[in-house]
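Below you'll find the structure, written out as C-alpha cells, and then a few comments.
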Amino acid sequence: MNSVFKRLKNYQEVYYLGENSVFQKSKIKGKFHSQYTRYGQPNEVAGGGFAKRELLELLPSDTVEQTDIAITHRYDRNLKKDAFHLVITKGTGVELTASNERGLKYGMEALEKAIYSSNQQVVVPELTIHHEPSFPIRGVIEGFYGIPWTHDSRLDCIHFLGKHQMNTYMYAPKDDELQRKLWREKYPAEKIEDFEELLVASQNALVDFYYMISPGNDIVYTKEDEVGVLQQKLKQMIEIGVSHFGLLLDDIDYYLKGEAKQKFGTPGLAHAYLIKQSYSYLKNELAHCQLVICPTEYDTRYDSVYLHELSDNLPPEVQIFWTGPETLAHEIPTSDIAKMSEIFHHPTIIWDNTPVNDFEDDKERLFLSPYYNRSYRLNQFGVVGIVANPMSQWELSKLTIGNMAQFMWNAPGFDLTTSWQETLADYAGSEYVESLEVFTSHNENKRMIQPLPLELKKALEMRDKNYLNQSLTGLNQAVEKLKTLPNKTFQKEIAPWFKRMEQDYQLWQAILAEDHELVRKLGTELKGAKVRIGTNLPLTAALLWGLVD
C-alpha cells in the first residue's frame, strides 16, 4: 500500500492520485489565514499546542517572510461538530474547512500526517481528506467505586484525551462523598481550585468537562428546598465555568414511600420531575448547557414502566446513559441498541464499563484488552457518544482507552488487530510492543472475553507442561523487558502484578521440579494473594492437578 494511505488510514475518506509537491529542505513554512477567527496567532487557532509541527512551521497571514504553502481555514456550518474537510491542491494551496475549533485542530493534525520527509526533502501530497468522527461525544467518565484518582491523574487524563481525538471528561467518582453521599454540602475552596485547574486544562485540550452529581440515595422529592439545595450545588459549579452536567440516579433504591409515593406514584415520574427541575434551572442560568442523566435502570435490553414514564416526560434534548445490556457488558450488538433506541427516544451515551475493575474480585486483576464486541453501527441508532469507565489505575487504563479512541474516531474502519498494535506502539514505543502484547494477552478483560484461551485450557487439562512452560517463559521474559520501560507511573501501578508474576514463576519452577512440598507452600500463599495475573496458569495447574488443596 502507498505510504500516504498508510499514514492516513484512520480517516474515513482519503483521495490521493500520487501527485506531490517536493521541497529541497528539512522543514517548510506555511502562511496561515483563518476566516473563522479575526484574532490570534496561527499556532493558537490551529491547535498548535497539540500538533508536533516537525516539518511545518506556521506563520501569520501578515508575515513578510517567504513561505512555501498557504493554508486557508474556512467555516462551514453544515459540517458536523469536530468534522473537517482538507484539500491540498497543486501549487501548494491548502484549504481546511471546519465548523468548530476541534475540527480545525483535527484537520491540522491530518495535514501534519500527510506531509512527510524523504531523502532530506519535504513532500506535500496533493489530496483530499474528509472525516466526521463516528461519535460526537468521545471520552472518559471517572465513575468507578474505590479510591478516586489523584488530581494529577485527572490532569493527565484530560491531556491524554485531547491528544487522542477525544473530547469529553466526566467527573463522577463514586467515592467522592461530596458528589454522592454528602451531595448537599458545598465544596471547600481548595477543591474548587482543583476544579478550576481541571477546567483550564480541559479548555486547553479542547475537552468538555462534565460535573456529575448523584443525589438519588436520599433526596426528598416532595420538598422544594431539597431541589433548591441541589440547584445551589450546581450553581457552585456554574460559577467557575462548568456548563456540562450529569444527574446520576444509578445504584439506588428507587422505590417510593410516603409522601413521594402519594405525589408521584412511580419512580419514573419522580425522577422525571427532578431532572426537569434541574434542567430548567441550568437553562435559566446558562445560555448554553448540556445535561445527561443516568436512569436507575441503566443496564437492560428490555422496556419497562420506569423507562417508559421517564423517557416520555423528559425534554427531548436531554441525553440518557446506557451501559449496554449488562452493567459490565460482554457485548453491545446492533440488535440491542436498535431495541433500546425505540425505548429511550433520546440521544444516548454509552457508559461503557471497561476497563473498570471495581466489581467483586475484579480488583485483583488488571484489564488490558482491546475494545472488543461493540457494534460499529451504534451511531445509527441514536448513540451520540461513548465514555469509558476506567480502572483506578489510570496509567494502565490508557491501553484500552487508547484503543477505544480509534473506534470512536472511525468505527466502520476500526480493525481490532492492527489498531491494538498501534495502541501498544503509541503507548510504549516499538521496542516494547512485543512484550506488552504478551503481557496484555495474559491479562484480558474477563468481562469482555474469556481470559483463558482455548489452547491454554486444553494444555491444563492435558497436563501439557511443555506448552505451558513455553507460554510462562514468554510471559516471564516479557515482564523482565517491561521492567525497563522508562515510565515511572507505569512501573508504580504495575509493580504488584510484576511481583505476582515472579511468585507465579517460582511456583511453576517448583511444579516442573516436582518439589511437592514447595509447591504446596507457594500455592497456599498465592491462594490468598491480593493480586493475580489474569490467566493464573501456575496456581490453576497446581489446583487442577491436585498439587495444592
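Here the sequence shown is numbered in the numbering used here, starting from 3 and rising by one per residue.
Each residue gets a CB set at the ideal place from its N, CA and C atoms; glycine is no exception.
Query, Result
"Excluding the 5 residues flanking tyrosine 108 on each side, which residues of the same chain have their C-beta closer than 6 Å to its C-beta?", "Phe86"
"Where does glutamine 452 sit, in a helix, a strand or coil, going by DSSP?", "coil"
"What's the C-alpha gap between glutamine 205 and histidine 161?", "10 Å"
"Can you look up isoleucine 30 in the DSSP assignment and give me helix, strand or coil?", "strand"
"I'd like to know if the region 267–279 and the region 216–225 are in contact, where contact means that at least 3 CB-CB pairs between them fall below 8 Å.", "yes"
"Identify which residue in Ser28, Leu541, Ile90 has its Cα closest to the Cα of leucine 113.", "Ile90"
"Please state whether DSSP places methionine 393 in a helix, a strand or coil.", "coil"
"When the Cα atoms are used, what is the spatial distance from glutamate 504 to lysine 176?", "34 Å"
"From Asp417, Ser394, Thr350, pick the residue whose C-alpha is nearest to that of tyrosine 374; which is it?", "Asp417"
"In the region 104–186, which residue ranges form an unbroken beta strand (DSSP E) of at least 3 residues, counting only runs that do not cross its ends?", "118–120, 123–133, 139–144, 170–173"
"Do you know how far the Cα of threonine 298 is from the Cα of isoleucine 322?", "11 Å"
"Glutamine 321 bridges to which residues according to DSSP?", "Val294"
"Near asparagine 471, what residues of its chain come up, given a Cβ to Cβ distance below 8 Å and the 5 sequence neighbours on each side ignored?", "Trp510, Leu514"
"State the CB to CB distance for the pair leucine 398 and glutamate 495, rounded to an integer number of angstroms; the pair is presumed to be in contact (CB under 8 Å).", "5 Å"
"From what residue to what residue does the alpha helix (DSSP H) around alanine 543 run?", "539–546"
"Quick check on this structure: which residue in Val229, Glu362, Asp314 has the alpha carbon closest to the alpha carbon of lysine 532?", "Glu362"
"Cα separation between serine 23 and asparagine 4?", "16 Å"
"Whose CA, out of Thr69, Ala72, Glu111, lies closest to the CA of glutamate 56?", "Glu111"
"May I have a chain-ordered list of the alpha helix (DSSP H) segments no shorter than 4 residues that lie completely inside the region 358–427?", "396–411"
"So asparagine 447 packs on threonine 356, CB below 8 Å; how close in whole Å?", "6 Å"
"Please report how far the alpha carbon of tyrosine 256 lies from the alpha carbon of aspartate 84, in whole angstroms.", "38 Å"
"Please state whether DSSP places alanine 100 in a helix, a strand or coil.", "strand"
"Can you tell me where the alpha helix (DSSP H) holding glycine 326 begins and where it ends?", "Taken as a continuous stretch (DSSP letters only), glycine 326 belongs to no alpha helix (DSSP H), as it is neither H nor E."
"At what residues does the alpha helix (DSSP H) containing glycine 1 begin and finish?", "With the chain running from 3 to 551 in the structure shown, residue 1 is simply not present."
"Under the rule that 16 or more other beta-carbon atoms within 10 Å means buried, what is glutamate 319, buried or exposed?", "exposed"
"With distances taken Cα to Cα, identify the nearest neighbour of tyrosine 173 among Tyr507, Gln493, Tyr308, Asp210.", "Asp210"
"Residues in the same chain with beta-carbon distance under 6 Å from valine 231, minus the five sequence neighbours each way, listed in chain order, please.", "Arg186"
"Please determine whether the Cβ atom of serine 443 lies at a distance below 7 Å from any heavy atom of the ligand COA.", "Among the ligands in the structure shown, none appear at all, so the ligand COA cannot be discussed."
"By Cβ distance below 7 Å, which residues in the same chain neighbour phenylalanine 266 in space, the five residues on each side in sequence not counted?", "Tyr223, Leu258, Ala272, Tyr275"
"Do three or more CB pairs link the region 362–372 to the region 398–408 at distances below 8 Å?", "yes"
"Counting only the same chain and skipping the five closest in sequence on each side, list residues whose C-beta sits under 8 Å from that of tryptophan 151.", "Glu144, Cys159, Pro175, Ser394, Trp396"
"For tyrosine 212, report the span of its beta strand (DSSP E) as first-last.", "210–215"
"Ends of the beta strand (DSSP E) at leucine 249?", "246–250"
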